[in-house]
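See below for the structure under consideration.
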Amino acid sequence: MKLRLGLALLIISVLTLSAAGCPGGASGVKLVATMHVCGGSGSGAGEIVTDYELDFETTICNQGSGTARDVRVFVEPSATNQGAQTMEVEPRQKQKPVTLEAGECETFVVNWEWDYTGSSNEEANQLINQYVFHATWTDKNGNQVTTVLGERSSP
400 MKLRLGLALL IISVLTLSAA GCPGGASGVK LVATMHVCGG SGSGAGEIVT DYELDFETTI
460 CNQGSGTARD VRVFVEPSAT NQGAQTMEVE PRQKQKPVTL EAGECETFVV NWEWDYTGSS
520 NEEANQLINQ YVFHATWTDK NGNQVTTVLG ERSSP
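Residue 400 is where the sequence shown starts when you use my numbering, and the numbers rise one by one after that.
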């Protein structure tokens, strides 16, 4: 039996957060993320979820005037087969390391699954609604910067 578990709750609107918390960010870099669920499905018997797989896609754009070098994107979901962990999100088009010049964008994708035997639909929804996306990048002076792109706690 396939279950669709409240995935609409996971759609995040455009989040604009720039490094150092100031307009334009460090070195003129301003990373903006648009995130959405590409798909997801669960399987199990009746109301009990046993396996769940989720696909996220996030597009990161540099709306500043500077260059973000060595851009890496990470997600920290609450529910995986290995427990809470940090996973690197892979770029779809560009080779790593990703450089985003002013005005450039790149889409990153990630997929994870877990066996959550014994959970109800409500419990599974709460777990998949707990995550943090963040990016690290290097500015023109060689400083590594971390920017939170989006986070969500269980509703």
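For every residue, glycine included, the Cβ atom is placed at its ideal position computed from N, Cα and C. For clarity, every value in this text was computed on a predicted model and none was experimentally measured.
Please report the residue range of the alpha helix (DSSP H) in which Gln525 lies.
-> Asn520 to Ile527
Following the continuous beta strand (DSSP E) through Arg551, name the residue where it begins and the one where it ends.
-> Gln543 to Arg551
Assuming Gly427 and Gly465 make a contact with CB atoms under 8 Å, what is their CB distance in whole Å?
-> 3 Å
Specify the secondary structure class of Gly517 as computed by DSSP and reduced to three states.
-> strand
Residue range of the beta strand (DSSP E) that Arg468 falls in?
-> Ala467 to Val474
CA-CA distance, Ala534 and Gln525?
-> 24 Å
Cβ of Val470 within 8 Å of Cβ of Phe532?
-> no
Say yes only if the C-beta of Asn510 is nearer than 7 Å to one or more non-hydrogen atoms of the ligand NAP, and no if none qualify.
-> As presented, the structure is devoid of all ligands, the ligand NAP included, so that no description of it is given.
Cβ pair Gln492, Thr506 closer than 8 Å = yes
Should Ala432 and Gly463 be called a contact, given that it needs their Cβ atoms to be closer than 8 Å?
-> no
Candidates Tyr530, Thr537 and Asn542: closest to Leu548 by CA position | Tyr530
Can you give me the Cβ contacts of Asn510 inside the same chain, cut-off strictly under 6 Å, excluding the 5 residues immediately before and after it?
-> Asp454
Rounded C-beta distance between Thr545 and Cys504? I'm assuming under 8 Å.
-> With a Cβ gap of about 20 Å, Thr545 and Cys504 do not count as contacting.
Would you check if the distance between the CB atom of Asp514 and the CB atom of Asn480 is smaller than 8 Å?
-> yes
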